[in-house]
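Undergrad: I am attaching a structure below and will ask some questions about it afterwards.
In UniProt numbering, the protein residues as written are 1 to 158.
Here it is in structure tokens:
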């Protein structure tokens, strides 16, 4: 059950955020056109995405350098060996997709056409997916750092 939830949590989070955006649009009449500070949010998301994409680049380098660690050997023999590459690929894809759509939204926010609402709701979905994948990848990096070949220290009794 945990594995299924972990696998589908990004999509579920994206759908929840779209649901909130639809609620705001239909009940509160708030959307990309009239939410105060929305342009600043778009700028902040572009900056955050840039940082996360940089983190992913460093993290993937770290994974390559950890190929011979006990943690990676154990992972390679486990039932999760196929999950790690998928998580890393989808994390990176969602980050770049979110970046491209966010940059597009910075332009489209100046216009009010019906099709832009579809892009806006898709953007809300991708933001939810990205945030969840970023969180999952961060958790994975923490586990990899602290679970890989710990240095055994000899304790001296006094």
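Beta carbons are placed, not taken as given, at the ideal position from N, Cα and C, and that holds for glycine.
Remember, it's a predicted structure, so these values are computed and weren't measured experimentally.
What span of residues does the alpha helix (DSSP H) with residue 25 cover, start to end?
TA: 2-27 is the span of the alpha helix (DSSP H), which, as asked, contains residue 25.
Undergrad: Over what stretch of residues does the alpha helix (DSSP H) that includes residue 56 continue unbroken?
TA: From DSSP, the alpha helix (DSSP H) with residue 56 extends over 38-65.
Undergrad: Tell me which same chain residues have a C-beta within less than 6 Å of the C-beta of residue 129, skipping the five on either side of it?
TA: Around residue 129: 10, 14 and 94.
Undergrad: Look up residue 107 in the DSSP assignment and say whether it is helix, strand or coil.
TA: It is helical.
Undergrad: Measure the C-alpha to C-alpha separation of residue 55 and residue 136 and round it to an integer number of angstroms.
TA: About 13 Å.
Undergrad: Comparing C-alpha positions only, which one of 140, 17, 22 and 116 sits nearest to residue 86?
TA: Nearest option by C-alpha distance: 140.
Undergrad: Look at the alpha carbon of residue 18 and the alpha carbon of residue 51, and state the distance between them as a whole number of angstroms.
TA: About 24 Å.
Undergrad: Roughly how many angstroms separate the alpha carbons of residue 82 and residue 53, rounded to a whole number?
TA: Taking the straight line joining both Cα atoms gives about 22 Å.
Undergrad: Helix or strand or just coil, what does DSSP make of residue 132?
TA: Reduced to three states, the DSSP call for residue 132 is helix.
Undergrad: Helix, strand or coil for residue 113? Go by DSSP, reduced to three states.
TA: Three-state result, residue 113: coil.
Undergrad: Are there 16 or more other CB atoms within 10 angstroms of the CB of residue 45, so buried, or fewer, so exposed?
TA: Looking at its Cβ environment, which holds 16 or more other Cβ atoms inside 10 Å, residue 45 is buried.
Undergrad: Specify the secondary structure class of residue 160 as computed by DSSP and reduced to three states.
TA: Here the chain covers residues 1 to 158 and nothing more, so residue 160 does not appear.
Undergrad: What are the start and end residues of the alpha helix (DSSP H) that includes residue 79?
TA: No alpha helix (DSSP H) holds residue 79; DSSP gives it neither H nor E.
Undergrad: Please report the straight-line C-alpha distance between residue 127 and residue 26, rounded to a whole angstrom.
TA: Computed Cα separation, rounded: 20 Å.
Undergrad: Is the separation between the beta-carbon of residue 88 and that of residue 49 shorter than 8 Å?
TA: Going by C-beta atoms, residue 88 is not nearer than 8 Å to residue 49.
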